[in-house]
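First the structure, in the form of structure tokens, and then the observations on it.
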Amino acid sequence: MQVFFSPTMTAGRFSIILLFPLLAAACSQSGKITKVETSQYAFRDTLNASVDSIIEKTIQPYRDGMAGQMNEVIGTSDVALTKGQPESLLGNLFSDVCFNMANETYYATSYLKADFAFFNNGGIRAQLPKGKITRGNIFELMPFENELVVLSLTGSQVKKIIDYMASKDGVPVSHLRFKISNQLPSDISIDGVPFDSTKEYKAITSDYLANGGDQYFFLTEAKKDYLNLKIRDALILYFQQQTKQGKTITANLDQRISYVK
Amino acid sequence: MSNRRDFLKSMAGSAALLGLSWSPIDVLAKHEIEKITILHTNDVHSHIDPFPANDPKWAGLGGVARRSALIRKIRAEEKSVLLLDVGDVFQGTPYYNVYGGEVELKMMSEMGYDASTIGNHDFDHGMDELVRNLPKASFPFICSNYDFTDTVMNQKTVPSKIFTKGGIKIGVFGLGIELRGLVDQKLYGNTIYQDPLEKAAYYAHYLKQEMKCDIVICLSHLGYKYKEDKVSDEILAKQSLNIDLILGGHTHTFLDNPVRYRNRHGKEILVAQVGWAGIKLGRIDFYVEKNSGRKDVIGSTVKVSEKSIA
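For the record, the sequence lines run as chains C and P. Mapped onto this note's numbering, the consecutive letters of the first sequence carry residue numbers 1 to 261. Mapped onto this note's numbering, the consecutive letters of the second sequence carry residue numbers 1001 to 1310.
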């Protein structure tokens, strides 16, 4: 039986939609289900979209209660900052800001600097619009309470991380460059220098990954320096600093990770 | 997501279908057919308000006040409605950071949700916070494969639940995803993840064969499917027995229409998932013949219609 249905999201003004299908009876284990119909509704801005006023009234005090904090504009972006692979504007900005802010803190306490930073695609939860950026936007981008951590790693541990990132088709990184071919890395350089598997490195990441999140189980063994700096706070501070200096937020694609055709 | 051309194409397709279809058997007139309307969401992630107009990808979409209005409308039209969620209720907007989950559960209770399950992000503020928040939900969290015995969540969820609507029994159980490597262990503590396929086999059999449920639904936060060899709704569907419908989540997959699979015995099973953030509400209407020993399908009736959120 063919399934007919329509795209709910693009269907024009009154949007919604659905045509449905099908599915006759077949799925009855007990023989009792005689027919199944399926459909979907999309919620979007339309002139006739009705709103439950009771619900709206219940939400309002909560919305008002955080509006002052969350609607505060903390920066302005020149472009929409979106996610993507192997690299993206938002991934690059996110990683570079975390690398710089974490290193500032790390250096101040240890006179040491980390060599590179890496994160995971799932850790960036929303994209940023062009124009005014609010504190709430950063909360949606980074809702987690994750903190920045410096890992001390052997060359072989670094290679394992890079192999994993390549198998994922690229993740947000900073001060690290490599190419991906068939999900394998090549031409790896760290902080501008070719990767040397006999050397030790220091890497900045989130405590989520450092504690074995996203299947990075082997990172649990690595030495960790906790910086007591939340990723979200680092991002907000960066946006505020740029604004104070009269600067807008920009980001670039620089082929830090690229696919070999 | 499809583009406008696909839309027009599918409209044309549906028109053709209407033209060809025979007069559907009027099953409702026989009195013994009961219609059960299942409504579902997943991975709403604290999206109480619609996305703002400047969002790069989802501008203007979603919002609980609109969802609630629609649900009220459907409840006014249909006698037997079951409203289900598939977990990751929390985490994603400042509502969760600021109010800790209260708003999400209050809204869901207000909308009359009948059940949800535990998603990986529902652990994000730790289990003490989760336990503190659960009483704000007027509905149960159904989870069949997390063993919470040695945690503060002990006895706070149920492994399955049977709902009776219009004389029809609907059995619901829930599956959570493996937490190790996904959620920080300090957040889930001594929760033990048990094999979802084994638990599914057990609870589906219990609900369908022992408790004689007419419809068995799995709330699955396992994810729709993966490139790698990892348990998913697709794998569950193909090797399952006694399940009619899997309502999925976790992978934020927009299945524009539920996908049909054949289970281990060749029976049909549906897998549905409606993306994330409350952008969509899914609907599945089951027509169930009461007190029937009949094993065969009456006939394939195709209904084509449009729904509007008005």
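Glycine included, every Cβ here is placed at the ideal spot set by N, Cα and C.
| query | alpha helix (DSSP H) containing Gln241/C: first to last residue? | reply | Ile231 to Lys244 is the extent of the alpha helix (DSSP H) around Gln241/C.
| request: Give the secondary structure of Tyr259/C by DSSP, where H, G and I count as helix, E and B as strand, and everything else as coil. | output: strand
| task | Starting from the beta carbon of Gln1239/P, find every residue of chain C whose beta carbon is closer than 8 angstroms, and list them in chain order. | result | Chain C residues near Gln1239/P: none, gap ~15 angstroms exceeds 8 angstroms.
| message | DSSP three-state label for Leu1130/P, please. | response | Helix at Leu1130/P.
| Close Cβ partners of Arg1260/P (< 7 angstroms) along its chain, the five nearest in sequence each way excluded | Glu1268 and Leu1270
| task | Measuring only between beta-carbons, confirm whether Thr250/C sits less than 8 angstroms from chain P. | result | No, its Cβ sits nowhere closer than 8 angstroms to a Cβ of chain P.
| said: Buried or exposed, going by whether 16 or more other CB atoms sit within 10 Å of the CB of Glu147/C? | reply: buried
| task | Go to Gly131/C, then tell me how far its beta strand (DSSP E) extends in each direction, as first and last residue. | result | Gly131 to Thr134
| request: Could you run through the stretch 64 to 81 of chain C and flag, in chain order, every residue whose CB is less than 9 angstroms away from some CB of chain P? | output: Against chain P - using a Cβ distance shorter than 9 angstroms - the residues of the stretch 64 to 81 of chain C are Gly65, Met66, Gln69, Met70, Ala80 and Leu81.
| Proximal residues to Asn228/C (C-beta, below 6 angstroms), its chain only, five neighbours per side dropped | Here the set comprises nothing.
| query | In chain P, which residues lie less than 8 angstroms from Pro129/C when you measure between Cβ atoms? | reply | Result: Pro1052, Asn1054, Asp1055 and Pro1056.
| Counting Cβ pairs, one atom from each stretch, are 3 or more of them under 8 angstroms apart for the stretch 55 to 72 of chain C and the stretch 103 to 117 of chain C? | The stretch 55 to 72 of chain C, when compared against the stretch 103 to 117 of chain C, does not touch it at the 8 angstroms Cβ threshold.
| Tell me, which residues are paired with Ile1192/P by DSSP? | Asp1147/P
| request: Indicate the three-state DSSP secondary structure (helix, strand or coil) for Ala24/C in the structure shown. | output: At Ala24/C, the pLDDT of 36 sits below 50, so the modelled position is not reliable; the number obtained from the coordinates is stated separately. Three-state DSSP puts Ala24/C in a strand.
| message | Short of 9 angstroms Cβ to Cβ, which residues in the stretch 197 to 223 of chain C face chain P? | response | Asp207, Tyr208, Asn211, Gly212, Gly213, Asp214, Gln215, Tyr216 and Phe217
| task | Compare the C-beta of Arg44/C against all C-beta atoms of chain P and say whether one is closer than 8 angstroms. | result | yes
| said: Going by DSSP in three states, Ile33/C sits in which element: helix, strand or coil? | reply: strand
| task | Inspect the beta-carbon positions of Leu1241/P and His1205/P and report whether they are closer than 8 angstroms. | result | yes
| query | Roughly how many angstroms lie between the CA atoms of Arg256/C and Phe1141/P, to the nearest whole one? | reply | 44 angstroms
| request: Note down the Cα distance separating Lys168/C from Asn120/C, rounded to an integer number of angstroms. | output: 9 angstroms
| field | Minimum Cβ-Cβ distance from Met1107/P to chain D less than 8 angstroms | value | In the displayed structure, chain D is absent; the protein chains listed are C and P.
| Under 8 angstroms between C-beta atoms, does Asp233/C make it to chain P? | no
| query | Does Val149/C have its Cβ less than 8 angstroms from a Cβ in chain P? | reply | Taking Cβ atoms only, chain P never reaches closer than 8 angstroms to Val149/C, which makes this a no.
| field | Through-space distance from Gly123/C to Gln157/C, alpha-carbon basis | value | For Gln157/C and Gly123/C, the distance between alpha carbons rounds to 21 angstroms.
| Smallest Cα separation from Ser1220/P: which of Asn1190/P, Ile1177/P and Lys1230/P? | Considering only alpha carbons, the answer is Ile1177/P.
| field | Own chain partners of Phe1254/P with C-beta closer than 6 angstroms, once the 5 adjacent residues on each side are dropped | value | Gly1275
| request: Check the Cβ-Cβ distances between Leu1247/P and every residue of chain C, and say whether any is below 8 angstroms. | output: no
| chain P contact for Gln85/C (CB, 8 angstroms cutoff) | no
| Gly136/C versus chain P: which residues are under 7 angstroms apart at the beta carbon? | Pro1094
| field | Strand pairing of Cys1218/P, partner residues [DSSP] | value | Phe1173/P and Ile1246/P
| query | For Leu1222/P, which of Gly1171/P, Met1107/P and Gly1249/P has the nearest alpha-carbon? | reply | For the residues Gly1171/P, Met1107/P and Gly1249/P, the minimum Cα distance to Leu1222/P belongs to Gly1249/P.
| task | Quick one: grab the DSSP three-state call for Lys113/C. | result | Three-state result, Lys113/C: coil.
| Which residues in the same chain have their Cβ closer than 6 angstroms to the Cβ of Asp1150/P, if we skip the five residues on either side of it in sequence? | Asn1190
| said: Among the candidates Ala1277/P, Val1288/P and Ile1279/P, whose CA atom is the shortest distance from the CA of Asp1244/P? | reply: Val1288/P
| message | I want to see whether chain C comes within less than 8 angstroms of Val1027/P, judged by CB atoms only; does it? | response | Note that Val1027/P scores a pLDDT of 46, beneath 50, so its modelled location is shaky; the value from the coordinates is reported in the next line. Yes, because at least one Cβ of chain C sits closer than 8 angstroms to the Cβ of Val1027/P.
| query | Are the stretch 1155 to 1174 of chain P and the stretch 178 to 194 of chain C in contact at 8 angstroms, needing three or more beta carbon pairs? | reply | no
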